[in-house]
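Going by the working numbering, the final residue of the sequence shown carries number 755, and the count climbs one at a time with no gaps. Note that the Cβ used here is the ideal one computed from N, Cα and C, for glycine as well.
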Amino acid sequence: MADKRKNRGNSGRRGQDEKPVSRTNAWQRLSPVARFIILFLLSLIVFGTIYAHLTASYHDSLVPMMRATANIVGFVLSVFSSSVSYEGAHCVLNGFAVEIIDECTGLLEMVIFLAAVLSFGTTGGKKAMGLLIGIPAIYLFNVLRIIVLVVVGAYWPGAFNFMHIYFWQVTLILMIGSVWVGWLYLVVYREKKPVAVPS
557 MADKRKNRGN SGRRGQDEKP VSRTNAWQRL SPVARFIILF LLSLIVFGTI YAHLTASYHD
617 SLVPMMRATA NIVGFVLSVF SSSVSYEGAH CVLNGFAVEI IDECTGLLEM VIFLAAVLSF
677 GTTGGKKAMG LLIGIPAIYL FNVLRIIVLV VVGAYWPGAF NFMHIYFWQV TLILMIGSVW
737 VGWLYLVVYR EKKPVAVPS
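Put into structure tokens, the structure is as follows:
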């Protein structure tokens, strides 16, 4: 009987000494960077597919945004020049005309930024803040891009294709990255300074 009690006591101590088995799955074992990259690529595929479907199936619904963008560009240019006319989705400066299409509205860039923000591991409130600040910033930068392109086309037509095809495409990528990094720095990783309480 003594031996049995001793064995039971030893088994009890062994049970207490055993460490719980880790139940973390493969996803949790990935680094935060790897999780972000995977989620970002998946989000790009999903949102990109939705964007392509909507622009193809509901193209007419984007016309108001195209016209609004053209009107904003035309209005800003008219402040600095009297040789500006704009109507519908068209804008003319000094005889050089451009048409604002769906690719000129900045929607695709907004989709990329949306995927980058939603894929990052942070709170929903900080993600919402990033979208509320970042999407308008991207749109305004896109308007500035179109204004510069119209000016270049009107006064330096030989440089228009280079600016449109190469320079501004790279600049847009840098702009999306800059807005995203700015969101990380100013919102996500912002440390609240402790309030000094007078003694």
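Item                                                                                                 : Value
According to DSSP, residues forming a beta bridge with TYR642                                        : CYS647
Given 8 Å, three or more beta-carbon pairs between the segment 580 to 595 and the segment 615 to 634 : no
Nearest candidate by alpha-carbon position, reference TYR745, set GLN584, PHE676, ILE657             : PHE676
Closest by C-alpha distance to MET666, when choosing among TYR695, VAL699, ALA608                    : TYR695
For GLU659, the first and last residue of its enclosing beta strand (DSSP E)                         : Neither: GLU659 is in no beta strand (DSSP E) and is coded neither H nor E.
Cβ-Cβ separation, SER641 to VAL648 (assumed contact under 8 Å), whole Å                              : 5 Å
Contacting residues, own chain, Cβ-Cβ under 7 Å from LEU740 (five flanking each side not counted)    : none
Contact between the segment 725 to 737 and the segment 685 to 699 (3+ Cβ pairs under 8 Å)            : yes
With 16 other Cβ atoms within 10 Å as the buried cut-off, status of GLY651                           : exposed
Reduced DSSP secondary structure (H/G/I, E/B, other) of PHE676                                       : coil
Range of the contiguous alpha helix (DSSP H) that encloses PHE636                                    : 619 to 636
Beta-carbon spacing of THR611, ILE702 below 9 Å                                                      : no
Simplified DSSP assignment, three categories, for ARG701                                             : helix
Residue span of the alpha helix (DSSP H) that contains PHE596, given as start and end                : 588 to 613
Extent of the continuous beta strand (DSSP E) to which VAL744 belongs                                : Run containing VAL744: none; DSSP gives neither H nor E here.
Continuous beta strand (DSSP E) stretch holding ALA653: start and end                                : 652 to 655
Three-state secondary structure assigned by DSSP to ASN581                                           : coil
8 Å contact criterion, which LEU646 and GLU655 should meet: CB distance rounded                      : Note that residue 646 corresponds to His in the displayed sequence, not to Leu. Between GLU655 and HIS646 the Cβ distance is about 5 Å, and since that is below 8 Å, they are a contact.
For THR605, the nearest candidate out of ALA671, SER617, GLY662, LYS682 (CA to CA)                   : ALA671
Chain D contact for LEU663 (CB, 9 Å cutoff)                                                          : In summary, chain D is missing from the structure at hand, where a single protein chain is found.
TRP712, DSSP secondary structure in three states                                                     : coil
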